[in-house]
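Residue numbers (our numbering): 613 to 875.
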Amino acid sequence: MGCMLRYSSVLRSSLFIMVLVSHKHKFIYMKTRKTAGTSVEIFFEPFCRPPKQEAHFTDLIISDVGIVGARGGNPNTKDWFNHIPAYLVKEKLGLSKWDTYFKFCVIRNPWDKMVSTYWYNKNKNNKLPDFKTWLFNWYFKYVPKRNVQDWIQSFPRKTSYITWLKKSPLIPQSTNIIDRNIYTINNKLALNYYIRFENLSDGIEEVCQKLNLPCDLQKLGNYKASYRQKQRHYSEYYDQETMNIVSKIFAKEIQEFSYQFGD
Numbered sequence: 613m614g615c616m617l618r619y620s621s622v623l624r625s626s627l628f629i630m631v632l633v634s635h636k637h638k639f640i641y642m643k644t645r646k647t648a649g650t651s652v653e654i655f656f657e658p659f660c661r662p663p664k665q666e667a668h669f670t671d672l673i674i675s676d677v678g679i680v681g682a683r684g685g686n687p688n689t690k691d692w693f694n695h696i697p698a699y700l701v702k703e704k705l706g707l708s709k710w711d712t713y714f715k716f717c718v719i720r721n722p723w724d725k726m727v728s729t730y731w732y733n734k735n736k737n738n739k740l741p742d743f744k745t746w747l748f749n750w751y752f753k754y755v756p757k758r759n760v761q762d763w764i765q766s767f768p769r770k771t772s773y774i775t776w777l778k779k780s781p782l783i784p785q786s787t788n789i790i791d792r793n794i795y796t797i798n799n800k801l802a803l804n805y806y807i808r809f810e811n812l813s814d815g816i817e818e819v820c821q822k823l824n825l826p827c828d829l830q831k832l833g834n835y836k837a838s839y840r841q842k843q844r845h846y847s848e849y850y851d852q853e854t855m856n857i858v859s860k861i862f863a864k865e866i867q868e869f870s871y872q873f874g875d
């Protein structure tokens, strides 16, 4: 097919996350938020594009080798884009590829993830208050007052997805940190493997072994790590109230992946 660019005016990229597809090695990488996603993306990207193709912050790349979603500039007009949800990848690739390709992402302890999100936002806006105030403001502004889990589990089918996002309290300013639609479909886990952020190197090595890929971890960068200015354990940011807020919002992740506060 050769390298080609394809365009559509589907959604605003600020709502979604990057995807990688390798036809040669038969894998799909779904990039979640605040999980060293950029580092992992750059590590696996060479397996998804022609060898001489420009790397990272590229326009959309579609070739016989694979697919690299659009990043940088204005990717919101592309068919494959930053933070694309799982159901759309399944739809675009087709059931055969979706079912046979090895699908993976990186997950992270939710309490740690919220602290990382706080520092990411504070890096952009130094006027943000302390973590507890920020978390309370975020929670009461963006999360519905009705049952939180009922709302989170309402991720709709594709016919109403855009409408749902527009009405969602998790508008772009909230960083859309509840990115469950990246690794679930109809609120059910949809991928084959979940690398734990806490054991990132081991997880990448295991994925490479499963896919028979070379694994040079020296090529695994540490991008955006400087956003968190105070390198103390995430548990020091919490009291019982804030701990419970995160427990409520990420109840599914805590249960599915057996996360515990203090890990």
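Positions of the beta carbon are idealized from the N, C-alpha and C atoms, including for glycine.
- Cα atoms of Thr-647 and Lys-636: separation of roughly 26 Å, rounded to the nearest angstrom.
- By the neighbour-count criterion, in which a residue is buried when 16 or more other Cβ atoms sit within 10 angstroms of its Cβ, Pro-826 is exposed.
- Secondary-structure assignment with DSSP links Ile-797 through a beta bridge to Lys-800.
- Trp-750 and Val-727 have their C-alpha atoms roughly 13 Å apart.
- Counting along the chain, the unbroken beta strand (DSSP E) around Ser-634 starts and ends at 631-634.
- Following the DSSP letters along the chain, one finds Ile-816 inside the alpha helix (DSSP H) bounded by residues 812-823.
- According to the DSSP assignment, Val-718 belongs to the beta strand (DSSP E) that extends over 714-719.
- Taken atom to atom, the span from the alpha-carbon of Phe-659 to that of Asn-737 is near 36 Å.
- Collapsing the DSSP output to three states places Gly-678 in a strand.
- The beta-carbon separation of Val-858 and Pro-722, rounded to 5 Å, stays under the 8 Å limit for a contact.
- Counting along the chain, no beta strand (DSSP E) covers Tyr-699; the unbroken alpha helix (DSSP H) around it starts and ends at 698-705.
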